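Here is the structure:
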């Protein structure tokens with residue numbers, strides 16, 4: 005595993021043979037460092053967002069779409085390149101987002117969209133709209149546009165974003181859903197050094213597989229159930245709670261897309277189960293680990309990379325890790341039938 009630590013200084017390059025440590029920079033082509041002028045311009049642009057994302061999500065997103073024109077050109081160009089898919093490793097870490105003068109205490113759960121009240125989430129909204137269109141899911145995180153990713157004492161051992169005592173297993177977001185987001189956006193308000201976000205790009209996975217394994221992963225050999233976080237409110241789903249069979253790999257040979265969930269997916273044969281475990285072995289050996297810091301925003305291409313998260317030790321005293329999560333889609337038309345009133349929230353029934 006390679007663990008990367010990002011500062012607000014330009015990343016240096018180490019020899020390929022250097023051992024990975026917490027002081028290693030993230031890959032240079034995956035980092036965008038905002039300079040002071042860009043940070044100031046981004047903060048100023050957030051002032052145009054007067055709607056409350058909790059009670060006026062559609063108006064808020066329309067304001068964000070309009071205000072995104074004020075995002076500095078270098079930043080917009082980099083986000084456009086990322087959304088087009090020219091970043092080979094499926095993620096982009098942006099350092100230097102504006103932070104509130106006083107960061108709110110880390111809430112005990114994700115019920116109240118506390119992060120959505122901050123300048124950081126407003127800056128996140130502007131950058132999201134440079135990539136695609138911010139989207140919410142009724143069955144995920146209470147349907148908020150911005151979800152508080154915080155450790156919950158009650159969910160410490162669960163396979164959800166609020167766990168801490170259990171490692172969050174390798175997955176793509178909403179692997180069970182035909183309406184899964186194209187990108188995941190994570191903006192950090194408060195970091196925790198022992199909490200690592202893990203990434204495994206699809207290209208990295210394919211590089212470690214044989215040609216026969218890659219061909220087999222393109223066949224519909226796996227079923228999946230629905231994520232536990234979507235089940236907490238007892239929603240009914242049009243597609244039921246068991247989906248498939250599905251393929252894990254699809255798309256271009258030189259730019260593979262991946263759909264995977266080690267916890268929820270099961271193979272329909274002994275070979276398929278061996279391949280599921282083979283992916284896990286590669287992940288353990290080749291994953292990238294990132295420790296998010298305040299002002300960091302991590303964009304994960306949900307088609308081109310899988311992700312997970314390490315175990316960490318919360319204190320439950322208001323000073324724990326606090327990350328604002330949102331979802332972004334490239335094509336709103338793909339979810340139109342599932343968004344009542346052409347709003348920004350996908351109905352639980354269609355998840």
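In the working numbering, the protein residues as written are 5 to 355.
Glycine is no exception: its CB is placed at the ideal position from the N, C-alpha and C atoms.
Keep in mind that this is a model prediction, so the values were computed, not measured.
Say whether chain B places a C-beta atom closer than 9 Å to the C-beta of residue i.
i           : result
residue 352 : In the displayed structure, chain B is absent; only one protein chain is listed.
Flag this pair as yes or no: are the beta carbons of residue i and residue j separated by less than 9 Å?
i           : j           : result
residue 152 : residue 327 : yes
residue 94  : residue 307 : yes
residue 349 : residue 139 : yes
residue 190 : residue 99  : no
residue 356 : residue 280 : Look at the range of the chain in this structure, 5 to 355, and you will see that residue 356 is not part of it.
residue 117 : residue 148 : yes
residue 129 : residue 330 : yes
residue 261 : residue 155 : no
residue 42  : residue 78  : yes
residue 318 : residue 107 : no
Ignore the nearest five residues each way along the sequence and tell me which others in residue i's own chain have a CB closer than 6 Å to its CB.
i           : result
residue 134 : 72, 75, 80 and 83
residue 122 : 104
residue 127 : 46, 50, 101 and 102
residue 161 : 169 and 170
residue 309 : 94, 95, 203 and 205
residue 245 : 229 and 230
residue 86  : 96
From which residue to which residue does the beta strand (DSSP E) around residue i run?
i           : result
residue 141 : 137–141
residue 243 : Residue 243 -> no beta strand (DSSP E), and no H or E assigned at all.
residue 258 : Residue 258 -> no beta strand (DSSP E), and no H or E assigned at all.
residue 151 : 151–153
Could you compute how far the alpha carbon of residue i sits from the alpha carbon of residue j?
i           : j           : result
residue 64  : residue 57  : 5 Å
residue 206 : residue 215 : 14 Å
residue 174 : residue 199 : 15 Å
residue 172 : residue 312 : 5 Å
residue 141 : residue 345 : 14 Å
residue 53  : residue 90  : 30 Å
residue 276 : residue 144 : 29 Å
Can you give me the start and stop residues for the alpha helix (DSSP H) that residue i sits inside?
i           : result
residue 191 : Where residue 191 is concerned, there is no enclosing alpha helix (DSSP H), although the beta strand (DSSP E) it sits in stretches over 187–194.
residue 88  : 77–88
Applying the criterion that 16 or more other CB atoms from any shown protein chain within 10 Å of the CB defines a buried residue, is residue i buried or exposed?
i           : result
residue 125 : buried
residue 44  : exposed
residue 110 : buried
Note down, in chain order, each residue of its chain lying with its Cβ closer than 7 Å to the Cβ of residue i, except the 5 sequence neighbours on either side.
i           : result
residue 335 : none
residue 164 : 232 and 233
residue 1   : Residue 1 lies beyond the residue range present for the chain, which begins at 5 and ends at 355; the question has no answer from this structure.
residue 263 : 176, 179, 250 and 252
What residues in its chain sit with their C-beta under 8 Å from that of residue i, if we drop five residues either side in the sequence?
i           : result
residue 223 : 251
Examine the ligand ADP and report whether any of its heavy atoms sits within less than 8 Å of the Cβ of residue i.
i           : result
residue 218 : Absence of the ligand ADP from the depicted structure is noted, as is the absence of any ligand whatsoever, leaving it without description.
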